[in-house]
Amino acid sequence: MATKGKSGTSPQGEHDATEAAMNGNGSVPDQGTAPSSSRGQEPATIAARPAQFMIAPQQQPGLATFSVDFLTQQLSNSPDIEVVKTVSPPRLFGFQSAELGQVPLSPLVLAKMTPDKAKLLQTQAGQRCAVERDERLSYMLDPTTPQLPNPGVLTPLADGFTTTIEVLGQDGPLPEAEVYVFGSMWPAQGITDATGRATVTLQGERPETIRSILVKPKIDYWTFWLDRPQLVPNSVNRIVARALGAVLRNFPGQQLMGWGERAMGLDRLPPSFDGAGMKIAVIDSGLAPTHRNLHGITAGTSIVGTDKAAWTVDTIGHGSHCAGIIAGGPVGAGGGIRGFAPAAEIHVCRIFPGGRFSDLVSALDYCMEHGIDVANMSLGGGEPSRIIEERIIRAKQMGMACIIAAGNSSGPVQFPASTPHCLAVAAIGKWGEFPNDSYHSQQALDGFQSRDGYFPAKFSCFGPEVDVCAPGVAIVSSLPADGFGAWDGTSMATPHVTGLAALVLAHHPDFTKGNFQNRDARRVERLFQILKETATPLQFGDPNRTGAGLPNVMRALGLETGVAPVIAAATATDPALATLRRLLGLQSVEAPSMVPVGSPPPSADPVHGSPIDVARGPAQTAAAMNLQFVDPIKNGSSSVARGPAQTAGAAVAPMMVDPNPAQIREIMHRVGLL
Numbered sequence: 069m070a071t072k073g074k075s076g077t078s079p080q081g082e083h084d085a086t087e088a089a090m091n092g093n094g095s096v097p098d099q100g101t102a103p104s105s106s107r108g109q110e111p112a113t114i115a116a117r118p119a120q121f122m123i124a125p126q127q128q129p130g131l132a133t134f135s136v137d138f139l140t141q142q143l144s145n146s147p148d149i150e151v152v153k154t155v156s157p158p159r160l161f162g163f164q165s166a167e168l169g170q171v172p173l174s175p176l177v178l179a180k181m182t183p184d185k186a187k188l189l190q191t192q193a194g195q196r197c198a199v200e201r202d203e204r205l206s207y208m209l210d211p212t213t214p215q216l217p218n219p220g221v222l223t224p225l226a227d228g229f230t231t232t233i234e235v236l237g238q239d240g241p242l243p244e245a246e247v248y249v250f251g252s253m254w255p256a257q258g259i260t261d262a263t264g265r266a267t268v269t270l271q272g273e274r275p276e277t278i279r280s281i282l283v284k285p286k287i288d289y290w291t292f293w294l295d296r297p298q299l300v301p302n303s304v305n306r307i308v309a310r311a312l313g314a315v316l317r318n319f320p321g322q323q324l325m326g327w328g329e330r331a332m333g334l335d336r337l338p339p340s341f342d343g344a345g346m347k348i349a350v351i352d353s354g355l356a357p358t359h360r361n362l363h364g365i366t367a368g369t370s371i372v373g374t375d376k377a378a379w380t381v382d383t384i385g386h387g388s389h390c391a392g393i394i395a396g397g398p399v400g401a402g403g404g405i406r407g408f409a410p411a412a413e414i415h416v417c418r419i420f421p422g423g424r425f426s427d428l429v430s431a432l433d434y435c436m437e438h439g440i441d442v443a444n445m446s447l448g449g450g451e452p453s454r455i456i457e458e459r460i461i462r463a464k465q466m467g468m469a470c471i472i473a474a475g476n477s478s479g480p481v482q483f484p485a486s487t488p489h490c491l492a493v494a495a496i497g498k499w500g501e502f503p504n505d506s507y508h509s510q511q512a513l514d515g516f517q518s519r520d521g522y523f524p525a526k527f528s529c530f531g532p533e534v535d536v537c538a539p540g541v542a543i544v545s546s547l548p549a550d551g552f553g554a555w556d557g558t559s560m561a562t563p564h565v566t567g568l569a570a571l572v573l574a575h576h577p578d579f580t581k582g583n584f585q586n587r588d589a590r591r592v593e594r595l596f597q598i599l600k601e602t603a604t605p606l607q608f609g610d611p612n613r614t615g616a617g618l619p620n621v622m623r624a625l626g627l628e629t630g631v632a633p634v635i636a637a638a639t640a641t642d643p644a645l646a647t648l649r650r651l652l653g654l655q656s657v658e659a660p661s662m663v664p665v666g667s668p669p670p671s672a673d674p675v676h677g678s679p680i681d682v683a684r685g686p687a688q689t690a691a692a693m694n695l696q697f698v699d700p701i702k703n704g705s706s707s708v709a710r711g712p713a714q715t716a717g718a719a720v721a722p723m724m725v726d727p728n729p730a731q732i733r734e735i736m737h738r739v740g741l742l
C-alpha cells in the first residue's frame, strides 16, 4: 500500500487500496489451482500450501484504524484467502483499561493463505496491519533424541533386522513405555503393549551397529539408557526399569521436596511462606485435577477446541508436571511432591496439543482479564512476533510477570523467551540426583561442571537473553492421573522460578507494604531485579548459559541471616583479599558485629571460581566460619568465635570496609582455601 502524506490521505482511499490488495489485484496469478481441459485434468505445479496467518490492525497517527469487521470482510472477499476466525482483545476494566492513556490492544483475524499472498498483503498494508505467520508452539521438554549421524556418511540401506524389547517393572510388565533404538542411521521406536513388549525393525542395521537404547516408562519409573547394547535379533531382549521409589526413599508415600527445591533453599523456608493470595497461570497442556497434589486447582480454560472445560484433560502430562513444581501440595499431606507455592490460586490455560501463536495471544488475554500475577510459559517456537510481544508488554504494564523457558534446541534462546520483557530461564542439572543408567546421565554439557556437581544441561538454549538458570534435569513431579515422572527440559526449570516469583510477590516487604504494591511495570521490574540480584552465581565459564545464576529462596525473600551477601570493594590490594573475592564471586559487604555459629564450611572450586555452595548464599558461608568481621579502624581487633547464645539479640553494626589482610588469611586458612 502506498502511503501518502497526512494531508493527502483519506481513510476511504486507504480502505480501497487495502481492498485491492486483499482481492489479489496486482498480485501474481494463483499457483495452487490446476488448469483443466476437455481432455481431462492436467498435472498441477507443486506450490507452497496455504499457511495460517495473524492479521492485526495497527494504530497510525492521522489515519483511521481498520476495524476487525472491515478486515474480515475484505479478507473474505478474496477467493484465495480463507478466514478462520477472529480473536477479540481482552476485556480490561478500571485501572486496566485505556483510561491510563494506553493504546487498546488489537483484535486478530486468523486467515489461511499462501506465503506469497501474505507477503503481498503486508507490503500493501504497510504499517497499518501486522501480518505474521501463526507459528506452531512447542512445549519445552527435552526431545530425548541423541545426536544423529552426519547424513553424508550414511551407509546404504540393507536388509536390517527385527528385535523385541520387553520392559519390566517391579510388579511385572510395563505397558505404554516408549522404546528408542539408535543405530548408525535413523532411530527406530515403539511403544510397549499390555505384555510390556515392543517390536522394532531397524533397516540397514546390524546388532553391532546399534549405538544405544532408551526406554521411557510412562509413569513412576526412571528412564533407562544403555550404550552399545547387545541386542539379539528375532528374539526378546529384556530390560528391567527402576522405580522412582527405589532411589527416592519412601516416595511417593512420603512427600518429596525435589533436589531442585532444595538447591534453591526451599527446604529452609518456614511453612507459613506458601504464596497465599497470588494468582499463577500455567499456560500449557492442561492439568489432571484428580491428582493427589493438584486437586486444589479449580480454575482454568481451554484455548484450543470448543470445550472450555477441557483444561482438566492433560493427555501429554506436561502441564501437570509444571503445575506440580509450582504448587504441588498441600504441604505434608498425602505424599507425592511439594511445590513452591501450594497456597497460590492456580489458573490453567490449555493450549497443547496443537497450540499456535494465536492461542498464546488468547491465553495472555485470559491472564490479563483475571488479574494473574505470574504466568509460567514452558513453551516457544517460531520467529519473533510483534503481536505476541505487544501482549507481553501490556501484561507487564498491568503488573503481570511472564517467566518463560529459554528452549531446548541447544542453540540461541527461542521466542518468546528472547524478548527483554520477560524472565528467560535456562536449565542445569546435578550429578548424584539420578541413576547412572538413566537418560538423565546423558544431559551434562561436556567440559562444564562445578565442584558441587552442578552442570549446564546440554539441551538448554543459551545466550545473553538468559536471565537465570534453574534445575531442569531429573525433575520429579506429577503426571496424570495420579502418577509421577522424572523429566528433563527448560520446561522443568521454568516453574521453579515461577513458584519462587510468586513467593516473593506474596511475602517480600517491597510488595506487601513497600513501594511496589501497585500493579504496574515497576512491580515486574523490581521482581526480576530481586530474583537476579539474590541468585547464586554459577561460574561454568560461560554466563550465557546461567545468566545471573541459580535463584535462592531465602535471599530473594529477604530472610537471609548473618553477613550480607557481598564483601565491599575496597582499596586494599592484598592477594588474600583479592583471592577471597574471586573465589566467592563477591563485590561488597555489610558485616554485622556478630555472626552466628553455623554448619561446617562447604567446599569451593578454586579453579573455576564457583560459589562456595549453590544451596547457601555467601552470608551463610561466612556464618559457617564461626567468625565475626570487626571494623579494624574502630576496634582494631581480630575475629572472635561466638556461640548461638551470645549471638542472639546482638545489634547489627553495618561496616563498609574490608576486614584486614590478617583476618582474610585466617578465614581462608580456616576453610581450606589457602
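Everything in the sequence shown is counted per my numbering, starting at 69 for the first residue and increasing by one.
Using N, Cα and C, we set each Cβ at its ideal position, and we do this for glycine too.
Apart from the 5 residues on each side of it in sequence, Glu273 sits with its Cβ closer than 6 Å to the Cβ of Gly228 and Gly251 in its chain, given in chain order. Looking from the CA of Pro611, the closest CA among Val308, Lys581, Leu573 and Phe516 belongs to Phe516.
Under DSSP, the beta-bridge partners assigned to Lys498 are Tyr522. Val136 and Asp148 have their alpha carbons spaced roughly 19 Å apart. Sequence-distant Cβ neighbours of Gln257 in its own chain, meaning closer than 8 Å and more than five residues away, are Glu246, Val247, Tyr248, Val249 and Val268. The beta-carbon separation of Gly626 and His564, rounded to 19 Å, does not stay under the 8 Å limit for a contact. Around the beta-carbon of Ala314, fewer than 16 other beta-carbon atoms lie within 10 Å, marking it exposed. Sixteen is the threshold: since fewer than 16 other Cβ atoms of the shown chains lie within 10 Å of the Cβ of Glu110, the residue is exposed. Residue range Glu413 to Arg418 is occupied by the beta strand (DSSP E) that includes His415, with no alpha helix (DSSP H) assigned at that position. Taking one beta carbon from each stretch, the region 365-376 and the region 414-424 have 3 or more pairs nearer than 8 Å; the two touch. Counting the other CB atoms within 10 Å of its CB gives Arg204 a total below 16, which places it among the exposed residues.
Pairwise C-beta distances place the region 414-433 in contact with the region 351-359, as three or more of them are shorter than 8 Å. Annotation: Gly264 to Leu242 spans about 5 Å, alpha carbon to alpha carbon. The region 543-556 and the region 433-442 do not touch, with fewer than three beta-carbon pairs separated by less than 8 Å. In this structure, the CA atom of Ala349 is about 49 Å from the CA atom of Glu276.
Per DSSP, Arg265 is one residue of the beta strand (DSSP E) stretching across Arg265 to Leu270. Out of Ile496, Arg310 and Met466, the CA that lies nearest to the CA of Gly475 is found in Ile496. In the DSSP assignment, Gly368 falls outside any alpha helix (DSSP H) and lies within the beta strand (DSSP E) extending over Ala367 to Ser370.
Exclusion of the five residues before and after Met332 leaves Ala538, Pro539, His564, Leu568, Leu618, Pro619, Asn620, Val621 and Ala683 as the residues of its chain whose Cβ lies within less than 8 Å of its Cβ.
Ala616 sits close to Val536, with the two beta carbons spaced by under 7 Å. Counting only the Cα atoms, Thr558 lies some 14 Å from Leu513. A straight-line Cα-Cα distance of about 21 Å links Phe420 and Ile543.
Here DSSP, grouped into helix, strand and coil, assigns Gly448 to strand. When the five nearest sequence neighbours on each side are left out, the beta carbons in the same chain lying within less than 8 Å of the beta carbon of Val300 are those of Thr231 and Pro275, in order along the chain.
For the pair of segments examined, the region 138-147 was found not to touch the region 421-428: the number of CB pairs separated by less than 8 Å stays below three. Taking all protein chains in view, the Cβ of Asn302 is surrounded by fewer than 16 other Cβ atoms within 10 Å, so the residue is classified as exposed. By the neighbour-count definition (other C-beta atoms within 10 Å, threshold 16), Gln195 is an exposed residue. Excluding five sequence positions before and after Met560, the CB atoms of its chain that fall closer than 6 Å to its own CB belong to Gly540 and Ile543, given in chain order. Pairing Pro548 with Thr562, the inter-Cα distance amounts to about 20 Å. Counted as a single uninterrupted DSSP element, the alpha helix (DSSP H) harbouring Gln192 occupies residues Pro183 to Ala193. Secondary structure of Ser506 (DSSP, three-state): coil.
Residue Ala624 holds the alpha-carbon nearest to the alpha-carbon of Thr602 among Ala624, His359, Leu595 and Gly609. A straight-line Cα-Cα distance of about 8 Å links Ile233 and Thr260. By DSSP's assignment, Ile281 forms a beta bridge with Val249 and Leu294.
Less than 7 Å divides the Cβ of Lys347 from the Cβ of Ile440. Considering only Asn145, Glu150, Val152 and Pro175, the residue with the shortest C-alpha distance to Pro158 is Pro175.
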